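Protein chains: 2
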Amino acid sequence: MARIERGTRRGKAGAAVGSVAAAGGTSDPAAADSAGQSAPVRAMIDAVLPCVDGGRFAVKAIAGEAFEVHAHAFADGHEQIRVVLRWCAERESVWHEVAMQAEGNDVWRAAFVPPVPGRYLYEVCAWVDAFRSWRDGFARRIEPDDLRLALRAGAMLLRAAAARSASASGRDSGGDGRQLRHYAEALEQAAVGEDLLAMQAAGLDQSLAELADAHPDRSHAAHSAPLPLTVDRVRARFSTWYEMFPRSASPVLGRHGTLRDVEARLPYVAAMGFDVLYLPPIHPIGRTYRKGPNNTLQAAPGDVGSPWAIGADEGGHKEILPELGTIEDFRRLVAQAREHGLEIALDMAFQCSPDHPYVTTRPQWFQRRPDGSVQYAENPPKRYQDIYPLNFDSEDWQALWAELKSVFEHWIAEGVMIFRVDNPHTKAFAFWEWVIAEIKHQHPNVLFLSEAFTRPKLMYRLAKLGFSQSYTYFTWRNTRAELTEYFTELGAEPQRLFFRANVWPNTPDILNEHLHGAPRSVFASRLILAATLSASYGIYGPAYELMENAPLKPGSEEYLDSEKYQLRHWPIEQPDSLSGLVAMVNRIRRENPALQTQEGLRFMATDNEQLIAYAKRHPGEDNLILAVVNLDPHHRQSCWLELDLAWMGIDAARPFQVDDLLAQHSYEWHGARNFIILDPDVMPAHIFKVRRHPGTETDPAALR
Amino acid sequence: MARIERGTRRGKAGAAVGSVAAAGGTSDPAAADSAGQSAPVRAMIDAVLPCVDGGRFAVKAIAGEAFEVHAHAFADGHEQIRVVLRWCAERESVWHEVAMQAEGNDVWRAAFVPPVPGRYLYEVCAWVDAFRSWRDGFARRIEPDDLRLALRAGAMLLRAAAARSASASGRDSGGDGRQLRHYAEALEQAAVGEDLLAMQAAGLDQSLAELADAHPDRSHAAHSAPLPLTVDRVRARFSTWYEMFPRSASPVLGRHGTLRDVEARLPYVAAMGFDVLYLPPIHPIGRTYRKGPNNTLQAAPGDVGSPWAIGADEGGHKEILPELGTIEDFRRLVAQAREHGLEIALDMAFQCSPDHPYVTTRPQWFQRRPDGSVQYAENPPKRYQDIYPLNFDSEDWQALWAELKSVFEHWIAEGVMIFRVDNPHTKAFAFWEWVIAEIKHQHPNVLFLSEAFTRPKLMYRLAKLGFSQSYTYFTWRNTRAELTEYFTELGAEPQRLFFRANVWPNTPDILNEHLHGAPRSVFASRLILAATLSASYGIYGPAYELMENAPLKPGSEEYLDSEKYQLRHWPIEQPDSLSGLVAMVNRIRRENPALQTQEGLRFMATDNEQLIAYAKRHPGEDNLILAVVNLDPHHRQSCWLELDLAWMGIDAARPFQVDDLLAQHSYEWHGARNFIILDPDVMPAHIFKVRRHPGTETDPAALR
């Protein structure tokens, strides 16, 4: 076993003092305290926060928003330390510095605003500051002889600072050096005088202190190891998704929908307030083992098959199913969507139908069975013979990975900046870490949504590896206890540092039992929960707003007549559509910053478990939302709500106002305890905007 | 800024696929997943616990006791992984392996017993296990053709295992290889048969599974980075300290005590049940600026001075004050103490009186003032002219550090294996990390107690750097709320992994206000709190058992007539001495493993804040203690105690027995709620041994 030197005493030190016995010191932010130094480093950085797994993975932040860093730093003895936060955009390699402020208990704080998306590094540097320490002691000295000696010591420090200033390059240090020497002489002169007050004044001169601060001796500074930070655009934090099958977008019953039909539907989607339009795979669909309606094994002629059985004679992951249209149609769609404030997100499902061109051109990318046939997907005894998984650790994996990367690049070149990745947990995790880093290095605005419905630790790991957003268990969390526990977990560290939830009340794969035959109130309450508990959410429509609620069979999460396997025709103008409520909820989200962040969620107590209540506040803006949702689909429910007024920043002695943004009613409340009644047949929820100081706020129109 | 490759794809991989863009990946336990591998590593190790600061510092454990490790490990896809814990004693460089067991939620568990004190490393290794995965799928296959192909695939795996077995060295793999090939043939034969049951039996053969398990393909295994573990002897976890000034040990009033007097007092100390006898510095004491009684600035002739003003003509840190005796006397003392079950602990105060030989022989080890004089200790405007601090970052620091190390080595050679280090927070922390590692590498049984009464983060850092035990804030924690909060903090992670508390109701420096003029009940309750809340505690005696309670002045923590500055004569045979209670409490500690660990502490609710209640249980042994202490020195107090029976492992439906080990009374209790009354004039505490199932336990003598 190799002996490795301790983090704090590398280089000459160990050799000079003797063999260094300590082994096993893994490097971490704190380990670099004095690496490579030949003299002891006295400042210590015990922690730099936030930090994921000691810096193995990046924390996530948003461009243009302050990123706050805390450091635990101190030195032995009683001297003063100074601490700075350093940060650097990876592409620029220029380090910036911000002084950190002491917050007590040896905790230091600073923030910086990463200006644009990209990868950044941040680190902390701390040193025992000789002049600050001197000044701190000097201010407490009272005896003339003691002051005299101290002034001489101070002058020596200033002359050393002047020498450093002279050898420093790149700033007007000539002037500073002269000035520092001037101050040194002043201290020396005061030291030979008799005037106690003059001595004190000379030593404590404020301009002197500032000048000395600008020329510290940092040769023995402690440096934490740089920590990675992934900075995304705002949509990574706040996004509202609408999923639809282009082939069901035709206004004409029975006709295969096209990308032009999707284009025609953009105003409808935009009017509901969505900003991401996500399309299931649009590629050619395999014919071998094609599935029929309702996932039957035998497709009849004319059956359209599953869009996730990717690849046919017409091409693979870079081509478009001819029935949907052409690449020109796609380009038009991307451009038109942008006009409507919508981004097109594509599905990336890295698997092949037996007809995918890769199967013949790159047979080495597939596993073989002992009889030489290609290994189809299976979960014994079930077989999925229409799907061939790619073998991510085949002998030729480098070429495979490079090709898959080129698929992303192909669609990025066509204007797609958001990818929803299908089942990433069944592919090599190392591939995701590599490909996401590669793509984001070239295209920092690209976002990746992980569609991994798997075990918790794998979902979190995928987020650590680079996915910008992640699907969640929200779909299966229905009771107050389940929702409270789950969103409390998502808001806790460390996961809140890297895992951005994107919650869905339904997906084409999941019609939760809660929605089986469910009335309007359930669709409304699940929509409101998703939209207010999470800064990013999505619905699979028009199934959702049309309240599609029929399962394939009781107990199944599959839809009856699922458009995964057949065309559907959606009467979107149906008068009882939820689209109006969707539009209202999404407008409330846009107008209230508290609903645009996954921070600042707090559940409030109610004495009726059918009623869930929670407040959301924005860390930076004065915006506070309180939602109360009736989880009972059928009955009016009431409760006493017990608010945590201190957390809400409300003076318990003064009245405050809550404006229901759904019902457009205002109430004046007094104190923590308030009565709530919600009738699911009218509206299963309140979304209150809380006005802490009614009458003093600037917004004149609380109600619209 | 240097680009560094990602942890998971170093080496050929990155180059083959393209430039690797991700930067800033700090190595950590999880980072080594596939370092140096040329093909993707699919198993992942997301966490290895326990772990301090990502492995920068060692976790602490005890020789001969199981050390438990958890790993979070998984792979992409649905295949089976296997996980092993690997550990190695640093001096032996031989790695041992223990299979880890799946505990659900991708958490794996294993333990090992480090046999002797020393430094160890532990790491985790995980791999996707081809045969286990094959067998898992095989067990679910039902169609004959599917089984046939699977048998052929299984045979291929076995032949590969046989090939690995042939190339492996160091075990009887020839036999295993033959056996594996034999099994491969059996599978192939079954595959050409018609008998479904025979096919299944061949594939699922248990002996085959075990043989295949012994020959896994670990070439693509993930390895966590090794984590350091410091293993100490039991006394690091459980120790009972008695501090005394040798110069006050004389039985004759006014005569300077000697080491021979200390020897004569060993039976007294041993009878009270202590196992560590800690002596303040025994070195020659400086004469320049010697302090007089009660810390007066002018010492009169004959004043003995402070033992912490170390160094005089007679020598420094390696010499003994002639008035105390000779090195032969010291050796006798160490040997005699051992006979009494006591270890001698020495005080290491690395500072010098102006008369210390270093001041003239090594002037470069001291800071100079501008007038050329040596810088004395100061905290402006206070001056401590009798103390010269050593300058740990002088130009000649290597020689200084080496010399200080030799001081430890000198006393180790004289049989001292425990050092109480004075004010370590005012010396270079890098020095402590270095010197403790150096000493423990040569002498793994040596223990270091950190006497740092400073800010929390510095105290914890010193423990991380290597101190075996640490002084605490216990001395200043008197109310129920204070004690509950503080001991809850000490028992929480991460600190419980590296910080072993040693709590003291008094020290020569600290007569807490709570003890000023305090009655016997306070000395008794503080003793019982220290002895039952903490596995290690100490008292400064005979001041404590003789209930010395006079401060230098009101509000001061200094003793009146402190023996730090003068000789004292202690009438240890005084009839009202607490020594009997001390002996009883220490015997209870020795007999109850629950009181010998800092784990397993739980506070219990009482409805009277003057009464604090807590239970302690041992993680391994069936021993449960419940202490209730009356914090009111003057009044009888009563309460309803609400026990957490589930935590205590008590069946709420059955009666249980509590034996008061102090009062030697037994009670039968039913349920969680029990009445307590404690009269401080009789005994301010109960220390109950809880007998969960009275009548069924083996210990026949509950009461002594």
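Residue numbers (numbering that gives the first Met the number 0), protein chains in the order written: chain A, 0 to 703; chain B, 0 to 703.
Cβ coordinates follow ideal geometry from the N, Cα and C atoms, glycine included.
Nothing here was measured: the structure is a model prediction, and the numbers come from that model.
- Closest in C-alpha terms to A:Asp354, from the list A:Asp621, A:His692, A:Gly315, comes A:Gly315.
- Taking a contact to require three or more Cβ pairs closer than 8 Å, the segment 203-212 of chain A and the segment 232-248 of chain A do not qualify as touching.
- In the same chain as A:Arg158, and ignoring 5 residues on each side of it, the C-beta atoms closer than 7 Å to its own belong to Arg180, Ala183, in chain order.
- Under the 8 Å criterion on CB atoms, A:His692 is classed as non-interfacial with respect to chain B.
- Put simply, of A:Phe602, A:Gln573, A:Ile675 the residue whose alpha carbon is nearest the alpha carbon of A:Leu644 is A:Phe602.
- Just so you know, the alpha carbons of A:Arg635 and A:Leu526 end up roughly 19 Å apart.
- Within the segment 240-302 of chain B, the alpha helix (DSSP H) runs of at least 4 residues that lie entirely inside it are, in chain order, 258-270.
- Beta-bridge partners assigned by DSSP to A:His339: none are found.
- A:Asn390: not part of any alpha helix (DSSP H); DSSP gives it neither H nor E.
- Boundaries of the beta strand (DSSP E) around B:Arg81: 80-88.
- In this structure, B:Lys456 and A:Asn104 form a Cβ contact; the two beta carbons are roughly 7 Å apart against a cut-off of 8 Å.
- Remark: fewer than three beta-carbon pairs, one from each stretch, lie closer than 8 Å, so the segment 467-482 of chain B and the segment 573-582 of chain B are not flagged as touching.
- If you check each beta-carbon in the segment 342-371 of chain B against every beta-carbon of chain A, the ones closer than 8 Å belong to Arg368, Pro369, Asp370.
- In this model, B:Met347 and B:Pro306 are separated by some 11 Å (Cα to Cα).
- A:Gln656: not part of any alpha helix (DSSP H); member of the beta strand (DSSP E) spanning 654-659, first to last residue.
- Counting of Cβ neighbours within 10 angstroms places A:Pro618 among the exposed residues, the total staying below 16.
- At a Cβ-Cβ threshold of 8 Å, B:Arg460 and B:Phe428 count as neighbours.
- Rounded to the nearest angstrom, the gap between the Cα atoms of A:Ser132 and A:Ile80 is 8 Å.
- Per the coordinates, the alpha-carbon of B:Arg519 lies some 26 Å from the alpha-carbon of B:Arg246.
- In the three-state reduction of the DSSP assignment, A:Arg368 falls in the coil class.
- Sequence-distant partners of A:Phe130 (beyond 5 residues in either direction) whose C-beta falls short of 8 Å from its own C-beta, in its chain, are Gly153, Leu156, Leu157, Ala160, Ala208, Ala211, Asp212, Pro215.
- A:Leu345 places its beta carbon less than 8 Å from that of A:Val415.
- Of all residues in the segment 215-231 of chain A, those with a C-beta nearer than 9 Å to a C-beta of chain B are His219, Ala224, Pro225, Leu226, Pro227, Leu228, reading in chain order.
- Sequence-distant partners of A:Gly340 (beyond 5 residues in either direction) whose C-beta falls short of 8 Å from its own C-beta, in its chain, are Ala269, Asp274.
- Between A:Leu594 and A:Val627, the C-beta spacing is not below 8 Å.
- Residues of the segment 144-158 of chain B with a C-beta less than 8 Å from any C-beta of chain A: Asp145, Leu148, Arg151, Ala152, Met155, listed in chain order.
- Contact annotation, B:Gln609 with B:Asn622: C-beta distance approximately 28 Å; criterion of less than 8 Å not satisfied.
- Residues of chain B with a Cβ closer than 7 Å to the Cβ of A:Gly76 are, in chain order, Thr425.
- Neighbourhood of A:Phe428 in chain B, by CB distance below 7 Å: Met43, Asp75, in chain order.
- Nearest to A:Ala376 by alpha-carbon distance, out of A:Arg85, A:Tyr387, A:Ala480, is A:Tyr387.
- Distances from the alpha-carbon of A:Leu489 to those of A:Arg234, A:Glu193, A:Asn505, A:Ala462 put A:Ala462 closest.
- Contact annotation: B:Val123 and B:Ile61 have beta-carbon atoms that are not nearer than 8 Å.
- Look at A:Thr360 here: in three-state DSSP terms it is helix.
- Unbroken beta strand (DSSP E) runs of no fewer than 3 residues, entirely contained in the segment 506-547 of chain A, are found at 535-539, following chain order.
- Assigned with DSSP and collapsed to three states, A:Gln188 falls in helix.
- Counting only residues of its own chain and dropping the five nearest sequence neighbours on each side, A:Ala652 has no CB closer than 7 Å to any other CB.
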